[in-house]
Amino acid sequence: MDREIDILNYLPEFLQDFREFRELAASENPEIRSLWGRLGNVLKEQFIYDSTENGVKRWEAILKINPKGSDSLEVRKFRILTRLNEKLPYTCKKLAQQLETLCGESGYSLELKNDEYKLIVRVALTAKSMLAEVEKQLKRIVPVNMYVDLSLLYKQNSSLVSYTHAQMREYTHEQLRSEVF
Numbered sequence: 051m052d053r054e055i056d057i058l059n060y061l062p063e064f065l066q067d068f069r070e071f072r073e074l075a076a077s078e079n080p081e082i083r084s085l086w087g088r089l090g091n092v093l094k095e096q097f098i099y100d101s102t103e104n105g106v107k108r109w110e111a112i113l114k115i116n117p118k119g120s121d122s123l124e125v126r127k128f129r130i131l132t133r134l135n136e137k138l139p140y141t142c143k144k145l146a147q148q149l150e151t152l153c154g155e156s157g158y159s160l161e162l163k164n165d166e167y168k169l170i171v172r173v174a175l176t177a178k179s180m181l182a183e184v185e186k187q188l189k190r191i192v193p194v195n196m197y198v199d200l201s202l203l204y205k206q207n208s209s210l211v212s213y214t215h216a217q218m219r220e221y222t223h224e225q226l227r228s229e230v231f
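Heads up: the sequence shown at position 21 corresponds to 71 in my numbering, and the numbers run straight through without jumps.
What follows is the structure in structure tokens.
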């Protein structure tokens, strides 16, 4: 938070003329600016997306999450959001809301097969560690008598069986993986 701080302006005018008060204000201004900056960080830490390293550490301690040494700050924030979004009782509608919060509106597909006790979830995520977090969340909230089929929301190789290698050569790997034919 940028703010010009000069404590001398808060003193009555007749005190501002004394050298001692000017020196005192000059020595206190940097401390007050530093305090103001830290106050801004405290306000940022209230929101997961704006949190700094210290805020993420604090959230992890509160939620009893042990971060891996290789986790990026983005993955750690995602893990915190995942844990905060968990609420029981579990319903398909609630799960869809949680997946939308984590993956975006078009970043997942959800299919429930009641007769087979099967839940099919496909998510479009950028990191495999995020997929692992979604898997952990599903294990915590989906009833244990249901089988969860979780994978990334991309084309499976089996959907490309009808095409020859010559036909697929015209496309990049990314196009084959994500575009509709």
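For every residue, glycine included, the Cβ atom is placed at its ideal position computed from N, Cα and C.
Cβ-Cβ distance between residue 158 and residue 149 below 7 Å: In this structure, residue 158 lies near residue 149, with their beta-carbon atoms less than 7 Å apart.
Residue 170 beta carbon less than 7 Å from that of residue 161: Yes.
Contained alpha helix (DSSP H) runs [length at least 4] in the stretch 86-151, N- to C-terminal order: Scanning the stretch 86-151 for uninterrupted alpha helix (DSSP H) segments of 4 residues or longer gives 103-113, 123-135, listed from N- to C-terminal end.
Element boundaries [alpha helix (DSSP H), containing residue 65]: Per DSSP, the unbroken alpha helix (DSSP H) holding residue 65 starts and ends at 63-66.
Residue 220 (DSSP reduced to helix, strand or coil): DSSP places residue 220 outside both helix and strand once states are collapsed to three, so it counts as coil.
Segment contact flag, the stretch 58-69 with the stretch 85-95, C-beta cutoff 8 Å, min 3 pairs: The stretch 58-69 vs the stretch 85-95: no contact.
Cβ pair residue 109, residue 82 closer than 7 Å: It is not a contact, given that the beta carbons lie outside the stated cut-off.
Through-space distance from residue 153 to residue 53, alpha-carbon basis: Near 37 Å, if we compare the C-alpha coordinates of residue 153 and residue 53.
Beta-bridge pairing of residue 202 - partner residues as DSSP gives them: By DSSP's assignment, residue 202 forms a beta bridge with 173.
Identity of the residue in 56, 172, 66 nearest residue 203 by Cα: Here the closest residue by C-alpha is 172.
Contacts around residue 65, its chain only, beta-carbon distance under 6 Å, and the 5 residues preceding and following it disregarded: Around residue 65: 71.
Cβ neighbour criterion (16 or more within 10 Å) applied to residue 119: Exposed: under 16 other Cβ atoms inside 10 Å.
Cβ-based burial, residue 75 [other Cβ within 10 Å; buried from 16]: Residue 75 is buried by the Cβ-count criterion.
Which listed residue (134, 125, 210, 192) has its alpha carbon closest to that of residue 175: Of the candidates 134, 125, 210, 192, the one whose C-alpha sits nearest the C-alpha of residue 175 is 125.
Straight-line gap, residue 147 to residue 100 (C-alpha atoms, nearest Å): Roughly 22 Å separates the two Cα atoms.
Own chain partners of residue 192 with C-beta closer than 7 Å, once the 5 adjacent residues on each side are dropped: Within the same chain, and ignoring the five residues on either side of residue 192 in sequence, the residues whose Cβ sits closer than 7 Å to its Cβ are 140, 169, 198.
Outcome for residue 106 when other beta-carbon atoms lying within 10 angstroms are tallied against a minimum of 16: So residue 106 ends up on the buried side.
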